[in-house]
Amino acid sequence: MGSMALRTVSLTLIACVAVAERARHCASGSASCGHTCQREYSAHCATSVHSRELRAAISLAPSLLQHKQTLTVTAGSPLWRDFDLEKQTYCEAAQKNPTGCGERDKFAKQLCQSVSKQATAALAAWVATRVTSRKNATVDSEGLVKRLEDKFGKTDTNALQAFKAISGLEASDVLAFRETWTEADTELLRKLDSRNGSFTDGELTTEGIRLRLPSLKALEDLTARKSFAIVGSGASLEGKHLAADIADHAEVARFNNFPTDTEDLGNRTTLQVVNRWIEPTDGLQIIDLEMSNSFDPYCFRLSHQGAWAARDDSIPWLVRPSARCALAESIAGFTRGFIFYWLVGTLFEEVDMYGFVGGGKDHIKRGQTSAERPVQEPFVEFEHKVYREIRELQATRRVLAF
């Protein structure tokens, strides 16, 4: 391994050791930090190294951690940089130190809390006036909620309440489109980065942001494609030989750094649904459903200075800032697969799901390091109860949770 590769390995290990130290302090109650942030950062450590040599070196981390004294983090390390908005904007801090998200997540939560009342009222007003695009042939949301209450109201109280809070929502309510972007959303972006040229050419304005966003017509065109495969990475796909069946759909969505093959998973993909840490794949429509902190994706993906700065012909679909502030924190308890299915998948006439069976906590292994980590979201078992109930309600049985 070359000296540059060794240096990269050392830096990556230093970062991961520091995360382990922070997590240990969290567990002992000696410091406050975001559990979700730490978990996702650990995942970022594991998945951000792509070359075979570096992945092999990272696999040696457990033994190297025994010699932690050689992997120290100095006080001046970027990992521990103060989050000081008097010296830099939120987006500058995010772009300089992407994985140091603890303080950013606290700021994002406080910012949302400061506007939550107005944001909640605005979202409710929008939902009350728009015409639903959800296909009742796919799911009747009111009937589903009643059925879930009758069956699981006493056993899954928290998950059920969280689902009820989002059950009436669709993609157009939550995602950022030209027609849905408001002055309130622009004001929230100003809190992140008010510099000229950051999100738009010149001064940051509502109209300038709208010009960079996708139109609702893009959503309409997508859902008009009729048949849709949502492909998770569940271990239940192993040995099922469903590649050709998946490829037979008009649209195929996969998640994060998704695995593919020619036998079980297939290799056709049209949509990539991601969290804030995932680098976009060229040629795919990116939908970032980061719910722990929906502001970071604007710094990473929409800002002209972002690591994954989008071209205007490939703008990702992002969670609208004020819409996220209107949503309860409990939405982060659902997996991205479930949120995507509910907001987008239920808008299709036919939606088939693969890799979402049973408890759904284990991933199929195709060499990706993320497969070693089971699903962490607390509501995942309730999600599968929802899938089963939807299937029972459907005459056409278009949810096939393989």
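With the numbering used here, letter number 341 in the sequence shown gets 342, and the count goes up by one each step, no holes.
Even glycine gets a Cβ: it sits at the ideal position worked out from N, Cα and C.
Test item: CB-CB of residue i and residue j under 8 Å
| i | j | result |
| --- | --- | --- |
| Val232 | Ile210 | no |
| Phe341 | Val275 | no |
| Arg321 | Val116 | no |
| Thr271 | Ser134 | no |
| His305 | Gly154 | no |
| Gly334 | Ala163 | yes |
| Ala123 | Thr183 | yes |
| Asp202 | Gly240 | no |
| Lys165 | Val146 | yes |
Close beta carbons around residue i, own chain, < 6 Å, minus the five adjacent residues each side
| i | result |
| --- | --- |
| Ala308 | Phe301 |
| Arg148 | Glu390 |
| Ser331 | Ala163 |
| Glu188 | none |
Extent of the continuous beta strand (DSSP E) run through residue i
| i | result |
| --- | --- |
| Ile340 | First-last for Ile340: Arg337 to Leu344, but that is the alpha helix (DSSP H), not the beta strand (DSSP E). |
| Leu272 | Leu272 to Val275 |
| Asp353 | Glu351 to Tyr355 |
Whole-angstrom distance between residue j and residue i, CA atom to CA atom
| i | j | result |
| --- | --- | --- |
| Arg255 | Asp157 | 28 Å |
| Leu243 | Asp151 | 35 Å |
| Glu384 | Gln286 | 25 Å |
| Lys88 | Thr207 | 26 Å |
| Leu394 | Pro99 | 44 Å |
| Glu350 | Trp127 | 24 Å |
| Tyr91 | Asn257 | 25 Å |
| Cys1 | Glu180 | The requested residue 1 is not part of the displayed model; the chain covers only 2 to 403. |
| Ala311 | Arg131 | 29 Å |
Sequence-distant residues of its chain with Cβ nearer than 7 Å to residue i (five each side left out)
| i | result |
| --- | --- |
| Ala109 | Asn294 and Phe296 |
| Phe339 | Glu384 |
Cβ shell of residue i (< 8 Å), same chain only, five flanking positions each side left out
| i | result |
| --- | --- |
| Gly169 | Val128 and Ser142 |
| Lys192 | Tyr91 and Leu112 |
| Thr282 | Thr270 and Gln273 |
Extent of the continuous alpha helix (DSSP H) to which residue i belongs
| i | result |
| --- | --- |
| Ile287 | Looking at the DSSP string, Ile287 is not in any alpha helix (DSSP H); the run it does join, the beta strand (DSSP E), is Gln286 to Asp289. |
| Val320 | Run containing Val320: none; DSSP gives neither H nor E here. |
| Glu150 | Ser142 to Phe153 |
| Ile167 | Thr158 to Ile167 |
| Ile332 | No alpha helix (DSSP H) contains Ile332, which DSSP labels as neither H nor E. |
| Arg105 | Gly103 to Thr130 |
| Ala310 | It is not in any alpha helix (DSSP H) - Ala310 carries neither H nor E in the DSSP assignment. |
| His385 | Val381 to Leu394 |
| Thr183 | No alpha helix (DSSP H) holds Thr183; DSSP gives it neither H nor E. |
| Gln96 | Tyr91 to Lys97 |
| Ser134 | From DSSP, Ser134 is part of no alpha helix (DSSP H); its letter is neither H nor E. |
Proximity test, Cβ basis, 8 Å: residue i and chain B
| i | result |
| --- | --- |
| Leu344 | Within the model displayed, chain B is absent; a lone protein chain is all it includes. |
Inside the stretch 201-256 only - alpha helix (DSSP H) runs reaching at least 4 residues: 207-213, 217-224 and 244-248
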